[in-house]
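Protein chains in written order, with this note's numbering: chain A, 26 to 491; chain B, 26 to 491.
Just so it is clear, CB atoms sit at the ideal spot from N, CA and C, and this is done for glycine as well.
The structure appears right after this line, and notes come after that.
Protein chains: 2
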Amino acid sequence: MGSLINGVNGQHALTFIKMKHDFASLKVNQNRLVDAIHSSSEYGSAHRYGDDATETGMARLSLNDADKQVRDWFKVNVESLGCVYSVDQMGNQFAIRPGKNSTASPVMMGSHLDTQPTGGRYDGILGVNAGLEVLKVLHEHKFESEGSIGLVNWTNEEGARFPMMAVASGVWAEAVPLNKAWNLAEVSASEDGAKKTMKEELERIGYLGKQKASYKEFPFAAHFELHIEQGPILEMEKRKIGVVEGAQAFKWFEITVRGRDTHAGTTPMNARMDSMLCAAKLIVQANKIAKEHDGLATTGILNMQPGSVNTMAHTVTFTLDIRHKSDSELSEIEKQCRAQFQYIAENDSEKGCKLEWNELVNSPAVNFHEDCIAAVRDSAIEVCEDLPQTSNDGQLWKPMISGAGHDSCYTSRRCPTSMIFTVTKDGVSHNPREYCSPEDCALGAQTLLGAVLRYDRLRAEHGNLQ
Amino acid sequence: MGSLINGVNGQHALTFIKMKHDFASLKVNQNRLVDAIHSSSEYGSAHRYGDDATETGMARLSLNDADKQVRDWFKVNVESLGCVYSVDQMGNQFAIRPGKNSTASPVMMGSHLDTQPTGGRYDGILGVNAGLEVLKVLHEHKFESEGSIGLVNWTNEEGARFPMMAVASGVWAEAVPLNKAWNLAEVSASEDGAKKTMKEELERIGYLGKQKASYKEFPFAAHFELHIEQGPILEMEKRKIGVVEGAQAFKWFEITVRGRDTHAGTTPMNARMDSMLCAAKLIVQANKIAKEHDGLATTGILNMQPGSVNTMAHTVTFTLDIRHKSDSELSEIEKQCRAQFQYIAENDSEKGCKLEWNELVNSPAVNFHEDCIAAVRDSAIEVCEDLPQTSNDGQLWKPMISGAGHDSCYTSRRCPTSMIFTVTKDGVSHNPREYCSPEDCALGAQTLLGAVLRYDRLRAEHGNLQ
Numbered sequence: 026m027g028s029l030i031n032g033v034n035g036q037h038a039l040t041f042i043k044m045k046h047d048f049a050s051l052k053v054n055q056n057r058l059v060d061a062i063h064s065s066s067e068y069g070s071a072h073r074y075g076d077d078a079t080e081t082g083m084a085r086l087s088l089n090d091a092d093k094q095v096r097d098w099f100k101v102n103v104e105s106l107g108c109v110y111s112v113d114q115m116g117n118q119f120a121i122r123p124g125k126n127s128t129a130s131p132v133m134m135g136s137h138l139d140t141q142p143t144g145g146r147y148d149g150i151l152g153v154n155a156g157l158e159v160l161k162v163l164h165e166h167k168f169e170s171e172g173s174i175g176l177v178n179w180t181n182e183e184g185a186r187f188p189m190m191a192v193a194s195g196v197w198a199e200a201v202p203l204n205k206a207w208n209l210a211e212v213s214a215s216e217d218g219a220k221k222t223m224k225e226e227l228e229r230i231g232y233l234g235k236q237k238a239s240y241k242e243f244p245f246a247a248h249f250e251l252h253i254e255q256g257p258i259l260e261m262e263k264r265k266i267g268v269v270e271g272a273q274a275f276k277w278f279e280i281t282v283r284g285r286d287t288h289a290g291t292t293p294m295n296a297r298m299d300s301m302l303c304a305a306k307l308i309v310q311a312n313k314i315a316k317e318h319d320g321l322a323t324t325g326i327l328n329m330q331p332g333s334v335n336t337m338a339h340t341v342t343f344t345l346d347i348r349h350k351s352d353s354e355l356s357e358i359e360k361q362c363r364a365q366f367q368y369i370a371e372n373d374s375e376k377g378c379k380l381e382w383n384e385l386v387n388s389p390a391v392n393f394h395e396d397c398i399a400a401v402r403d404s405a406i407e408v409c410e411d412l413p414q415t416s417n418d419g420q421l422w423k424p425m426i427s428g429a430g431h432d433s434c435y436t437s438r439r440c441p442t443s444m445i446f447t448v449t450k451d452g453v454s455h456n457p458r459e460y461c462s463p464e465d466c467a468l469g470a471q472t473l474l475g476a477v478l479r480y481d482r483l484r485a486e487h488g489n490l491q
Numbered sequence: 026m027g028s029l030i031n032g033v034n035g036q037h038a039l040t041f042i043k044m045k046h047d048f049a050s051l052k053v054n055q056n057r058l059v060d061a062i063h064s065s066s067e068y069g070s071a072h073r074y075g076d077d078a079t080e081t082g083m084a085r086l087s088l089n090d091a092d093k094q095v096r097d098w099f100k101v102n103v104e105s106l107g108c109v110y111s112v113d114q115m116g117n118q119f120a121i122r123p124g125k126n127s128t129a130s131p132v133m134m135g136s137h138l139d140t141q142p143t144g145g146r147y148d149g150i151l152g153v154n155a156g157l158e159v160l161k162v163l164h165e166h167k168f169e170s171e172g173s174i175g176l177v178n179w180t181n182e183e184g185a186r187f188p189m190m191a192v193a194s195g196v197w198a199e200a201v202p203l204n205k206a207w208n209l210a211e212v213s214a215s216e217d218g219a220k221k222t223m224k225e226e227l228e229r230i231g232y233l234g235k236q237k238a239s240y241k242e243f244p245f246a247a248h249f250e251l252h253i254e255q256g257p258i259l260e261m262e263k264r265k266i267g268v269v270e271g272a273q274a275f276k277w278f279e280i281t282v283r284g285r286d287t288h289a290g291t292t293p294m295n296a297r298m299d300s301m302l303c304a305a306k307l308i309v310q311a312n313k314i315a316k317e318h319d320g321l322a323t324t325g326i327l328n329m330q331p332g333s334v335n336t337m338a339h340t341v342t343f344t345l346d347i348r349h350k351s352d353s354e355l356s357e358i359e360k361q362c363r364a365q366f367q368y369i370a371e372n373d374s375e376k377g378c379k380l381e382w383n384e385l386v387n388s389p390a391v392n393f394h395e396d397c398i399a400a401v402r403d404s405a406i407e408v409c410e411d412l413p414q415t416s417n418d419g420q421l422w423k424p425m426i427s428g429a430g431h432d433s434c435y436t437s438r439r440c441p442t443s444m445i446f447t448v449t450k451d452g453v454s455h456n457p458r459e460y461c462s463p464e465d466c467a468l469g470a471q472t473l474l475g476a477v478l479r480y481d482r483l484r485a486e487h488g489n490l491q
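What follows is the structure in structure tokens.
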């Protein structure tokens, strides 16, 4: 995708847009935004940690009953704002507020309403609610955008219940085949003991839409996503807004270690094929390698069989999530893990263990679009300019690379995309205590509003509303 | 318990017994023994690994349906041999073949018929079947022993389903309170989703006896247990029989590591409280410490929460089984683990993790009774004397310390006890491929027969049949 502004760098063009924009009076309503975040979090709230009604985390796993409820809530809200509403085959919910030109592709805001099993009230939820708040502001001001502006709630972004993150935006981007997504089975069996598929659960809760899940069927002019940073950097540097220029590369593996299940009391140490001990060494080593390369490594799931105190496991299976902002450095981390794991399994596990690698996800580094980045940056500059200067260098926004994967990584393959980050208390995310202050939520939503309207104006001025 | 032979060492006394014994013609029937092992293993066979009907392992968890079936089989078999049969409150099954004096306490043979979830056909099963074969030999020869001779099938020796090993002999020995044992809940929930207690399952399968489970109610003159070695030593040294003089000390712990569940992509390595990484380091360290002390360490169960690929675990719980033949060395291993685990959790886990230790089992080193050891040794010498000499030193039997815990460790607290070990192929146990050859099974059973009759004669000659 080329820049809309030929021969002019984004900074320059957006300064131009900023100077003549007529939407400076459009302000998000902080209280209304925060109320909406917490109202929608009634569906699936869990893991109470304090006395206040809002001091809980969330357990709104994709397509569970609470997720159905919040989807119904989403539909009612966007329809009350006069949006055109639709659902596609992956349960993605789209709301479009028509612009002066209502036939051109919409500029979309989007994020997700599903959470981790022990998730918080902001990851994804802030992004959808901020988009909803922008639509409310446009609606109450009867603002006429150049093209249409919309909001999408993407299904199963977390990948926590159905183990492929951002799978539904992946189908929309035609990066993930529809049937592969539909057939994903949940990680843990439901109460009736069966592992349901995504398609079964979409049907069960009434969100298996007929609209084809594809960017060809439902193209976007652009995609903007507001999200909590989920890390400690903005807070540590006392800044307010992250202007997200891309996302780090990551890969997910499932690694199986096969040993032998022998008796814990009668098998001498040097006669063992202890798959748990071997797996422990591999996990320690992966972390060491990642740290040496300034990357990340995490094991979030580990299962062992047969599972008896006085019997070694014959099989241990664990996940390995490795990340780096550079594709080539990530490859190097993977290469060293593969080589050193093999060495440990063969030579540092007594009688030896066998290894199998299964690649679950391969998400290369993502570079967002310069026009969208410029729209976000210019909006952030405006939002920050009246705030007290707290950072060492006097700048309250910062260009950042996303540590996590997001739906925006998939949309970025099919339309200009960027993201906005807000401060995350203590950098804690995927945790009930995840927190973004009301002020920071509103600053993020205001930045989103400014970025979307800038981009809307930009594409109109460059004749991109056919 | 003092020696029956005052002022004379066991070796000398038993040589005396050996010279005048009149039961040299009593020989176990190898084919009948092996047939019985495999017939009884029809109940609960699982994990096929070869084409032959006997090439499977076992999944006969204590008090499951297959365990009920093999208990019924045990009852029918011992009653057909004219034994007096009874069941106690823990489901322990007793069969007594009356001797000339049928009022004195019986000399018992015993082991167990429950197995690990992926167990084999010999652990426990050989011991009960060898005892049954001894009773068959005595029956067919109408042999009149001095006192009564019996056989016991102990409940839940493995501790695999109800997590306390040898719990039912523990109750008999009054080392474990009855209600504690009855209230033990199974490790994994049954098909209906509920975790059944031992008492519920004893009732369900009809094996909750009325007879008090106590050595006071049902005293033994002695307890002899034949068991596969479950380790590689006899096979490596090309010997045939282990004369077991005691059992190593062991402790079981459940260790909980608490960290923080934050996002795998956005939490810098140095800002983490990664409980899985910490647990992995602890497991590696425990194994290192155990090896340095010539002891053993094993982690057989590990669970982590919440269990999501891209979220660190906030909690990891794992078991640690440590063993040593010396109580003081085991204490030293535990002490070093506690200190070094604490150091790792505080200083080598980035932002730190919290540890909790829960002691599940504390089984001190056991020294068996000199008279029983002598009876086994003398019987083993006789059994081995006509076999081809294969070991380096020309001796086919060997004094050994048991690596595993056994019901004999509890009986040893209340009556003279010893054990006999047989060769275990590749040292593999707690595994479907666990194997003891027909010849080795028969050599073990013959040694058991000789040991029991020697002890029966010994106590009669020393006036211990009041």
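Query	Result
At a Cβ cut of 7 Å, what residues of the stretch 384 to 395 of chain B count as close to chain A, listed as they run along the chain?	none
Name, in chain order, the residues that DSSP records as bridge partners for residue 271 of chain A.	A:392 and A:426
Can you give me the start and stop residues for the beta strand (DSSP E) that residue 346 of chain B sits inside?	340 to 349
What residues in the stretch 175 to 200 of chain B have a beta carbon less than 9 Å from any beta carbon of chain A?	183, 184, 185, 188 and 190
So if I threshold CB-CB distances at 9 Å, which residues from the stretch 273 to 302 of chain B count as touching chain A?	273, 275, 277, 279, 285, 286, 287, 288, 289, 290, 291, 292, 293, 294, 295, 296, 297, 299, 301 and 302
Confirm, please, whether the CB-CB distance from residue 445 of chain B to residue 273 of chain B is below 8 Å.	no
In this structure, how does DSSP classify residue 137 of chain B when only helix, strand and coil are distinguished?	strand
Of all the options A:336, A:311, A:320 and A:171, which has the alpha carbon lying nearest to the alpha carbon of residue 363 of chain A?	A:311
From the DSSP output, which residues share a beta bridge with residue 255 of chain A?	The partner list for residue 255 of chain A (beta bridge, DSSP) is empty, contrary to what the question assumes.
Between residue 335 of chain B and chain A, is the shortest Cβ-Cβ distance under 8 Å, so that the two count as touching?	yes
Quickly, what does DSSP pair residue 104 of chain B with across the bridge? List them, please.	Note: residue 104 of chain B sits in no beta bridge, so no partner.
Do you know offhand how far residue 456 of chain B's Cα is from residue 254 of chain B's?	14 Å
Against chain A, which members of the stretch 446 to 473 of chain B pass a CB distance test of less than 7 Å?	452, 453, 454, 455 and 456
Closer than 8 Å between beta carbons: that is the criterion. Which residues of the stretch 327 to 351 of chain B meet it against chain A?	327, 329, 330, 331, 332, 333, 334, 335, 336, 337, 338, 339, 344, 346 and 348
Check for me: the alpha helix (DSSP H) holding residue 196 of chain A runs from which residue to which?	192 to 197
Could you name the residues of chain A that residue 254 of chain B contacts, counting a contact when the two beta carbons are closer than 9 Å?	291
For the candidate residues B:393, B:219, B:200 and B:226, whose alpha-carbon lies nearest to that of residue 207 of chain B?	B:226
Excluding the 5 residues flanking residue 150 of chain B on each side, which residues of the same chain have their C-beta closer than 7 Å to its C-beta?	62, 65, 66 and 138
Residue 83 of chain B lies in the beta strand (DSSP E); which residues open and close that run?	81 to 83
Whole-angstrom Cβ separation of residue 114 of chain B and residue 233 of chain B, contact assumed at under 8 Å?	7 Å
How about residue 214 of chain A: is its C-beta nearer than 8 Å to some C-beta of chain B?	no
Are three or more beta carbon pairs between the stretch 162 to 173 of chain B and the stretch 181 to 200 of chain B nearer than 8 Å?	no
Per DSSP, what are the beta-bridge partners of residue 379 of chain B in this structure?	B:283
So if I threshold CB-CB distances at 7 Å, which residues from the stretch 129 to 148 of chain B count as touching chain E?	This model lacks chain E altogether, as its protein chains are A and B.
Determine, for residue 314 of chain A, whether the minimum Cβ-Cβ distance to residues of chain B falls below 8 Å.	no
Roughly how far, in whole angstroms, is the beta-carbon of residue 344 of chain B from the beta-carbon of residue 332 of chain B, given that I think they are within contact range, below 8 Å?	Not confirmed; about 18 Å, so no contact.
Mind pulling the alpha helix (DSSP H) runs of 4 or more residues that sit fully within the stretch 160 to 247 of chain A?	192 to 197, 203 to 207 and 223 to 229
Could you give the distance in angstroms between the alpha-carbon of residue 433 of chain B and the alpha-carbon of residue 250 of chain B?	7 Å
Find out if the Cβ-Cβ distance for the pair residue 119 of chain A, residue 111 of chain A is shorter than 8 Å.	yes
So is residue 9 of chain A in contact with chain B if we call contact Cβ pairs under 8 Å?	Beyond the ends of chain A as shown, which are 26 and 491, falls residue 9 of chain A; an answer cannot be given.
Between the stretch 389 to 409 of chain B and the stretch 258 to 272 of chain B, are three or more C-beta pairs nearer than 8 Å?	yes
Taking Cβ-Cβ distances shorter than 7 Å, what residues in chain B pair up with residue 305 of chain A?	305, 308 and 309
If I measure Cβ to Cβ from residue 419 of chain B and keep anything under 7 Å in the same chain, skipping five residues before and after, which residues do I get?	none
Pairing CB atoms from the stretch 51 to 59 of chain B with CB atoms from the stretch 154 to 164 of chain B, are three or more of them under 8 Å?	yes
If you pair each beta-carbon of the stretch 240 to 249 of chain A with each one of the stretch 337 to 351 of chain A, do three or more pairs fall below 8 Å?	no
Which chain B residues sit within Cβ distance under 7 Å of residue 321 of chain A?	289, 290 and 294
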